[in-house]
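Under UniProt numbering, the residue at position 197 of the sequence shown is numbered 197, and the numbers go up by one with no gaps.
Even for Gly, the Cβ is constructed at its ideal location relative to N, Cα and C.
Treat the numbers as computed from the prediction; the structure is a model and nothing was measured.
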Amino acid sequence: MSLTQPNSRVLKRLFFFTFENPFLSLTNHRYQNLPQQYKKTCNYVDVYMKWKKDSYYEWIEHIHKGLQFDVKIKEFVGPKYNLPWFRLTEEAAAIDREEKKVLEEHKEDLRERLKKFILMSMENVLPFKIIKGMLWYLGLPEDFLQYPDKNFDSYFKVVELEDGLKGLGVESREKLLSVLQKNAMRKGLYSGEPMETIDFPFFPSKGLRLRRKIQDCDIAQKRVVGLLHELLSLFVEHSAERKKLLCLKKYFELPQKVHKAFERHPHMFYLSFRNKTCTAILKEAYGDDELAMERHPMAMIRKKYIKLMKESEVILKRRRTNNPFVQ
């Protein structure tokens with residue numbers, strides 16, 4: 001198949017190039033070195049797509065609970081002074097201990113997710129401020145960057161960036177595969193050969209139909225879609241606030257109107273506006289194929305926190321109304 005005239009029927013072709021050391025080869029500096037005829041400007045057709053609400057994605061609780069949890073606390077009288085003191089309830093403390101255990105047991109998995117995230121950047125280096133803003137999505141603790149000796153392995157390196165900023169880089173010659181590649185291999189649809197194409201999996205919402213103009217896209221657009229797909233696959237909930245992803249444009253060399261990728265590909269991404277926040281959700285992670293996305297180690301912990309929060313809300317309602325039967 002010629003790359004100069006790619007077959008993009010129903011947007012189902014994504015071109016993955018397996019060089020020596022790309023994570024998604026078209027996402028790093030090797031893309032800049034491709035012959036000009038293989039590179040295309042990312043131009044979006046100005047087509048209006050009516051947004052359609054899908055209640056299935058709107059009510060997945062662990063996606064829409066924000067970036068912080070209000071854990072359950074218990075009030076008691078201090079040991080020395082007659083003042084209120086607060087501490088975690090036994091239920092909250094138990095989940096906290098379980099979280100610390102998961103972080104220790106799965107530290108290699110979590111470290112690999114961060115490594116892939118950095119390798120997807122154009123220079124394989126990201127500023128600390130960018131990584132810090134994505135720790136929640138990657139499932140890493142808030143103080144992860146404060147203890148490099150404990151959390152970084154030999155692949156990571158701290159580098160000095162412009163304007164006096166510090167960044168975290170990754171040195172690796174290991175050939176890494178994307179989630180799309182792994183799933184295609186599992187199904188026998190991909191052998192890992194250079195220039196081999198992979199089909200995007202589609203998950204249409206009820207009543208949503210593609211328009212012909214939206215079906216045709218060039219290689220640069222396919223690169224953007226593939227990169228966003230892989231980013232969301234690394235995250236705990238396989239979702240993220242859209243504005244957070246837009247902050248990555250400079251470091252992942254994304255087009256100015258990258259947000260249109262979510263709107264143009266509703267069979268792959270869903271945009272939720274619940275809680276007055278635009279959240280991009282990867283549909284494949286919530287499809288019928290349980291093996292399509294590897295479950296993040298922290299996913300179950302966050303679900304337990306959410307369950308505890310909901311129980312706390314019921315207790316508070318009962319106290320305010322003085323009614324033990326309020327649900």
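> What is the rounded straight-line gap between the Cα of Q256 and the Cα of C247?
Replying inline: It is roughly 11 Å from the alpha-carbon of Q256 to the alpha-carbon of C247.
>> If you reduce the DSSP assignment to three classes, tell me which class A292 lands in.
In response: A292: coil per DSSP, three-state reduction.
> Cα separation between H238 and K107?
Replying inline: If you take the alpha carbons of H238 and K107, they lie about 19 Å apart.
> Under the DSSP definition of a beta bridge, which residues are partnered with V170?
Replying inline: V170 pairs with F156.
> Hey, is E241's beta-carbon within less than 8 Å of any beta-carbon in chain C?
Replying inline: Given the protein chain composition of this structure (a single chain), no chain C is represented.
> Could you give the residue range of the alpha helix (DSSP H) that holds V102?
Replying inline: 90 to 105 is the extent of the alpha helix (DSSP H) around V102.
> Taking Cβ to Cβ, would you say L119 is nearer than 8 Å to G139?
Replying inline: No, they are not a contact pair.
> Between L293 and S233, which are expected to be in contact by the criterion C-beta below 8 Å, what is the C-beta distance as a whole number of angstroms?
Replying inline: According to the sequence displayed, residue 293 carries Met and not Leu. With 8 Å as the limit, M293 and S233 qualify as a contact, their Cβ atoms being about 6 Å apart.
> When you compare only the Cα positions, how much space is there between L176 and E196?
Replying inline: So the alpha carbons of these two residues sit roughly 16 Å apart.
> Which whole-angstrom value is the C-beta distance of S205 and D54, which I expect to be below 8 Å?
Replying inline: The beta-carbon distance between S205 and D54, rounded to whole angstroms, is 5 Å. This is short enough to meet the 8 Å contact definition.
>> What does the Cβ neighbour count give for Q146, buried or exposed, with the cut at 16 atoms within 10 Å?
In response: Residue burial annotation: Q146 is exposed, with fewer than 16 other C-beta atoms found within 10 angstroms of its C-beta.
> Leaving out five residues before and five after E58 in sequence, what residues of the same chain have Cβ atoms less than 7 Å from its Cβ?
Replying inline: Correct list, in chain order: S272, R274.
>> Suppose only complete runs of 4+ residues qualify. What are the alpha helix (DSSP H) ranges in the region 115 to 146, listed by chain order?
In response: Segments of the alpha helix (DSSP H) lying fully in the region 115 to 146: 128 to 138.
> Between the region 258 to 272 and the region 293 to 308, do at least 3 Cβ pairs fall closer than 8 Å?
Replying inline: Between the region 258 to 272 and the region 293 to 308 there are fewer than three C-beta pairs closer than 8 Å, too few to call the two in contact.
> Whose C-alpha, out of T279, E193, F202, is nearest the C-alpha of F235?
Replying inline: Nearest C-alpha to F235: T279.
> Are the region 90 to 98 and the region 124 to 141 touching by the rule of at least three beta carbon pairs closer than 8 Å?
Replying inline: Note that the region 90 to 98 does not touch the region 124 to 141; fewer than 3 beta-carbon pairs, one per stretch, sit closer than 8 Å.
>> Am I right that H229 and M268 are in contact with their C-beta atoms under 8 Å? What's the rounded C-beta distance?
In response: Approximately 7 Å separates the beta-carbon atoms of H229 and M268; this is inside 8 Å, confirming the contact.
>> Using the Cβ count rule (16 or more neighbours within 10 Å means buried), how would you classify M134?
In response: M134 should be labelled buried.
>> Between the alpha carbons of D289 and A220, how many angstroms are there, rounded?
In response: About 28 Å.
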